[in-house]
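K.L.:
One structure is given below, represented as structure tokens, and several questions about it will come after.
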Amino acid sequence: MTPMDRHFGDDEAEKMSDGTDQRSIGQRAGPPARTPAGPLFRRLFVINGLVFAIGTLVLALSPATVSSPVLLTEVSVLLIGLVLILAANAMLVRTSLAPLDALASLMQRVDLLRAGDRLTESGNGDLDHLIDTFNAMLDRLEAERSESSAHALAAQEGERRRIAQELHDEVGQGLTVVLLGLKRVIDRAPADLRDELHSVQETVRDSLDEVRQVGRRLRPGVLEDLGLHSALSALCHDFSQVSAIPVIREVDPDLPGLSSDTELVLYRITQESLTNIARHAGATRVELSLVAGRDALRLRITDNGKGGVVREGAGIRGMRERALLIGARLTITSPPGGGTQVCLVVPGTTSGR
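Everything in the sequence shown is counted per the working numbering, starting at 75 for the first residue and increasing by one.
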């Protein structure tokens, strides 16, 4: 350990023995954060005070009197006055606390994967600070969620590329060598063994095709090489071949220039939607449209399946996370028996026409 290290360690020990440092002292010495408790208490106190003061004034100026002992007819007057005072007090207090009900409702339904759900200011100065603080907290949580999702999805894409590359370089080339070896064996094999060797050869060739398809799903090379239009066409073609479900495509030929992240999100959401249709929808037709409007780019994938999506699994939540990465809005409508429509709206991308 160098003298500088020892000196630094002594300084740190001294700070620890003091229990704090100058920065933490300055932070604690600052003014306390403003809370709505004090203003809300004063509002309720003033409301109750005004109600009871007005009630007292009305009783003082009215011709009503109270005997001693209290007569039965006077009891009814007192009860009516008390009811009116309590009703006025309840109405005023409920109006003052109404924003708390809206805030509690927002707390129950808030979902960080559905950004933008906020509570507007109520005009109640005592609770506006609380509403603003809660909205600011949601902004921070959504930003942190989006950032963490971006890191996770970037790592996922990197892992997919690595696995796809290994499948191509290791497994794919290994199966290719096996095919070449089988071909040489078949050429020299007796006639009674050639049928069996041909069967083995076809099995290996099918396995090689499967490896290549898995590699394309993991790493859409056509997206990087030929662009989004060709990648979506290839994706729909592969989907129709595997599932025997036709896909009617409508892709705008004059799409605006998109970033690589946006293209990848569009591709992955389309891929996940088609996968869900093949697994769960029981559909016989799929429609895909990607059109650039005046204010946004819209991707729609619609099927005529059974619909009725009641629980969002990991696939749909992953789609929502990807949509948040590019500031897009994802909606899924699925009435029972009415099929399912996935709609992604990417703002800020307009048609050049």
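Just so it is clear, CB atoms sit at the ideal spot from N, CA and C, and this is done for glycine as well. None of the values given here were measured: they were computed from a predicted structure.
1) When you compare the segment 268-277 with the segment 310-324, are there three or more beta-carbon pairs, one atom per stretch, that lie closer than 8 Å?
2) Please state whether DSSP places V383 in a helix, a strand or coil.
3) On the three-state DSSP scale, how would you describe P106?
4) What whole-angstrom Cβ distance do I44 and V360 have, given they're in contact under 8 Å?
5) Does the distance from the C-beta atom of A305 to that of L297 stay below 8 Å?
6) Terminal residues of the continuous alpha helix (DSSP H) containing D299?
7) Spatial neighbours of T336 within its chain, please: CB distance less than 6 Å, with the 5 preceding and 5 following residues excluded, ordered by chain position.
8) In chain order, what residues of the same chain lie with their CB nearer than 6 Å to the CB of L180, ignoring the 5 residues before and after it?
9) According to DSSP, is P173 helix, strand or coil?
10) Go to I406, then tell me how far its beta strand (DSSP E) extends in each direction, as first and last residue.
11) From S222 to R214, what does the alpha carbon distance come to, in whole angstroms?
12) Between N378 and the rest of its own chain, which residues show a CB-CB distance below 7 Å, the 5 nearest in sequence each way excluded?
13) Closer than 6 Å by C-beta to P410: which residues in its own chain qualify, once you throw out the five before and the five after it? Chain order, please.
14) Restricting to Cα atoms, I'd like to know which of A265, Q230, L282 is closest to L249.
15) What residues are listed by DSSP as bridge partners for I375?
16) Could you pull the DSSP bridge partners for I322 from this structure?
17) Let me know the secondary structure DSSP gives G100 once reduced to three states.
18) Taking the alpha carbon of G301 as the point to measure from, which residue in P143, D328, V321 has its own alpha carbon closest?
19) Label E395 either buried or exposed according to how many other C-beta atoms from any shown protein chain fall within 10 Å of its C-beta, with 16 as the threshold for buried.
20) Please state the DSSP three-state secondary structure of A263.
21) Leaving out five residues on either side along the sequence, give the residues of the same chain with a beta carbon under 7 Å from the beta carbon of L241.
22) Go through its chain and collect everything with a Cβ distance to R342's Cβ below 7 Å, but skip five positions before and after it.
23) For L309 and R368, I'd like the C-alpha separation in whole angstroms.
24) Exposed or buried, what is G392 when buried is set at 16 or more other beta-carbons lying within 10 Å of its beta-carbon?
25) How would you label A388, buried or exposed, when you count the other beta carbons within 10 angstroms and need 16 or more for buried?
26) Using DSSP bridges, identify the partner residues of P330.
27) What are the partner residues of A370, as DSSP defines its beta bridges?
28) With a 10 Å radius around its C-beta and 16 neighbouring C-beta atoms as the bar for buried, classify L124 as buried or exposed.
29) Whole angstroms is fine: what's the gap from P294's alpha carbon to L254's?
30) Compare the C-alpha of V339 against each of A161, V251, K257, V420 and name the closest.
P.N.:
According to the structure shown:
1) Short answer: they don't touch.
2) Reduced to three states, the DSSP call for V383 is coil.
3) Its pLDDT being 46, under 50, P106 is placed unreliably by the model, and nothing is read from it.
4) Since the first and last residues shown for the chain are 75 and 427, residue 44 lies out of range.
5) For A305 and L297, yes; Cβs fall inside 8 Å.
6) Taken as a continuous stretch (DSSP letters only), the alpha helix (DSSP H) holding D299 covers 295-300.
7) Close CB contacts of T336 within its chain, under the 6 Å cut and outside five residues either way in sequence, are with I400 (chain order).
8) Cβ within range, chain order: L193.
9) In the structure shown, the three-state DSSP call for P173 is helix.
10) Taken as a continuous stretch (DSSP letters only), the beta strand (DSSP E) holding I406 covers 403-407.
11) Between the alpha carbons of S222 and R214 lies a distance of about 12 Å.
12) Only A357, T358, R359, G413 meet the Cβ criterion.
13) Within the same chain, G381, G382 come within 6 Å of P410 by CB-CB distance, once the 5 residues on both sides are set aside.
14) Of the candidates A265, Q230, L282, the one whose C-alpha sits nearest the C-alpha of L249 is L282.
15) I375 is bridged to L362, V416.
16) In DSSP, I322 forms a bridge with E361.
17) Residue confidence is low: G100 scores 40 on pLDDT, short of 50, so the model does not pin down where it sits. No coordinate-derived value is stated.
18) Residue D328 holds the alpha-carbon nearest to the alpha-carbon of G301 among P143, D328, V321.
19) Around the CB of E395, 16 or more other CB atoms lie within 10 Å, so the residue is classed as buried.
20) Per DSSP, reduced to three states, the secondary structure at A263 is coil, with no helix or strand assignment.
21) Here the set comprises V285, V288, G289.
22) For R342, where only same-chain residues beyond five positions count, the Cβ hits under 7 Å are R396.
23) Going by the C-alpha atoms only, they are around 27 Å apart.
24) Label assigned to G392: buried.
25) In the assembly as shown, A388 is an exposed residue. Its beta-carbon has fewer than 16 other beta-carbons within 10 Å.
26) Here P330 is not bridged, per DSSP, to any residue.
27) Under DSSP, A370 forms a beta bridge with P421.
28) Result: exposed.
29) Computed Cα separation, rounded: 27 Å.
30) Just measuring C-alpha positions, the residue of A161, V251, K257, V420 sitting nearest V339 is V420.
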